[in-house]
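Enquirer:
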Amino acid sequence: MPELPEVEIIRRGLAKRIIGDSITAIDIKVPKMFRGDPKAILHTPIIDVRRIAKVMIIDFANGQSLLIHFKMTGQLIYVKAGDVAIGGHPEKVYEQPLPHKHTHIIYHLKDTATLYYNDLRKFGWHWVVSTTKAAEMLGAEFAGVDVISPGFTLTFLENFLQSRPNRPIKEAIMEQRFIAGLGNIYAAEALWQAKVRPDRKVKSLKDNEIAALYKGIKHVIDLSLKYGGSSFNSYVDAAGKQGAFLKYAEVYKRSKDSLGHQIERIKQGGRTTHFCPVCQK
DNA sequence: GGAAATGTTATTGT
DNA sequence: AACAATAACATTTC
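Here the first sequence is numbered in the numbering used here, starting from 6 and rising by one per residue.
1. Cutting at 7 angstroms between CB atoms, please list the residues of its own chain near K37, excluding the five before and the five after it.
2. If you count every other CB in all the chains shown that lies within 10 Å of the CB of E11, and 16 or more means buried, which is it?
3. Which class does V84 belong to by DSSP, given the choice of helix, strand or coil?
4. Rounded to the nearest angstrom, what separates N123 and H109 at their Cα positions?
5. Going by DSSP, name the residue or residues bridged to E269.
6. Determine, using beta carbons only, whether I63 and L47 come nearer to each other than 9 angstroms.
7. On the CB-based measure, 16 or more other CB atoms within 10 Å of its CB, does H107 come out buried or exposed?
8. Contact between the region 129-142 and the region 167-178 is defined here as three or more beta-carbon pairs at a separation below 8 angstroms; is this criterion met?
9. Check each candidate in D204, L230, I31, I184 and name the one with the smallest Cα separation from Y219.
10. Between which two residues does the alpha helix (DSSP H) containing F165 stretch?
11. If you run the structure through DSSP and keep just helix, strand and coil, what is P36?
12. Have a look at the DSSP bridge pairing and note the partners of R55.
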């Protein structure tokens with residue numbers, strides 16, 4: 006999925022457009038991606054668009070909710086005459102008339118608008134559950150403290166890290182069940198900001214390094230929200246503004262950082278980590 | 001042909 | 001049992 010700031014931006018764009026509207030029909034082309042009863046959310050007004058961690062939640066007046074997880078390559082596109090909002094993973098194959106080969110679920114809205122869900126890898130899912138049970142159904146994996154919520158404080162980070170002394174720092178801050186929303190890109194960027202190597206063990210970090218990391222996380226998330234919330238430039242709002250966070254990335258997919266240092270790539274927990282061996286100690 | 005891709009999630013191992 | 005490491009998911013691009 007897009008990472009958290011991106012989901013947040015999609016949420017805002019969607020909330021502006023679909024609250025008050027309702028769904029008249031749903032085309033499900035890949036049944037395994039849809040859980041629950043699609044009929045349960047038809048012809049009932051949309052009253053809210055929320056987010057838990059990286060999960061989008063659309064609440065309906067009849068007490069049902071639609072949960073959408075984008076995973077790595079999901080994309081949600083709102084189309085109405087003269088208004089297009091796109092959010093999610095950008096791919097060349099997505100740049101063609103909708104619906105296309107990778108459009109798996111289509112929501113038809115009463116207000117002559119259409120929501121297209123595209124997903125190249127089909128990792129994402131859509132799930133209809135009752136609103137009161139949404140958080141419970143998502144479970145502990147999604148109960149982490151949201152990085153853009155007031156609960157994400159320096160004290161929280163310190164306490165959490167204390168419980169994980171032997172983990173590499175990058176893997177620790179990517180544990181979604183404790184910290185919701187830091188994905189592979191932002192974790193790497195935050196560590197660059199903090200000048201801490203991603204493979205350092207948590208217990209080797211000094212207090213001031215943890216404080217720098219906390220600031221780095223905040224900075225990177227704020228920057229991303231500011232520049233369109235998109236880790237890639239796939240988001241277009243009604244005014245045609247594109248998200249462009251990656252232009253400001255220091256290490257992710259870069260060969261050099263802004264100081265001209267060569268970026269190294271290593272493997273951590275099955276994911277590629279980018280870092281600068283000169284800046285990060 | 002091989003590797004990697006923004007993320008979970010299921011399975012296996014300790 | 002709890003936790004950590006690994007494979008799996010599906011498809012495209014480099």
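Each residue gets a CB set at the ideal place from its N, CA and C atoms; glycine is no exception.
Expert: Result, derived from the coordinates:
1. For the purposes of this step, residue 37 is identified with residue 32 of the first sequence, where counting begins at 1. Answer for K37: no residue qualifies.
2. Position 6 of the first sequence holds residue 11. Buried, by the Cβ-count rule.
3. On the first sequence, position 79 is the one that residue 84 refers to. Three-state DSSP puts V84 in a strand.
4. Mapped onto the first sequence, residue 123 falls at position 118. Mapped onto the first sequence, residue 109 falls at position 104. Distance between the alpha carbons of N123 and H109: 6 angstroms.
5. Taking the first residue of the first sequence as position 1, residue 269 is located at position 264. The partner list for E269 (beta bridge, DSSP) reads F280.
6. As a working mapping, residue 63 is identified with position 58 in the first sequence. As a working mapping, residue 47 is identified with position 42 in the first sequence. The answer is no: Cβ separation not under 9 angstroms.
7. The sequence position of residue 107 within the first sequence is 102, counting from 1. Label assigned to H107: buried.
8. no
9. Stepping through the first sequence from its first residue, residue 219 is reached at position 214. Nearest C-alpha to Y219: I184.
10. Counting from one through the first sequence, the residue named residue 165 turns up at place 160. Segment 159-167, the alpha helix (DSSP H) holding F165.
11. Indexing the first sequence from 1 puts residue 36 at position 31. P36 falls in the helix class under three-state DSSP.
12. For the purposes of this step, residue 55 is identified with residue 50 of the first sequence, where counting begins at 1. I62, per the DSSP bridge assignment.
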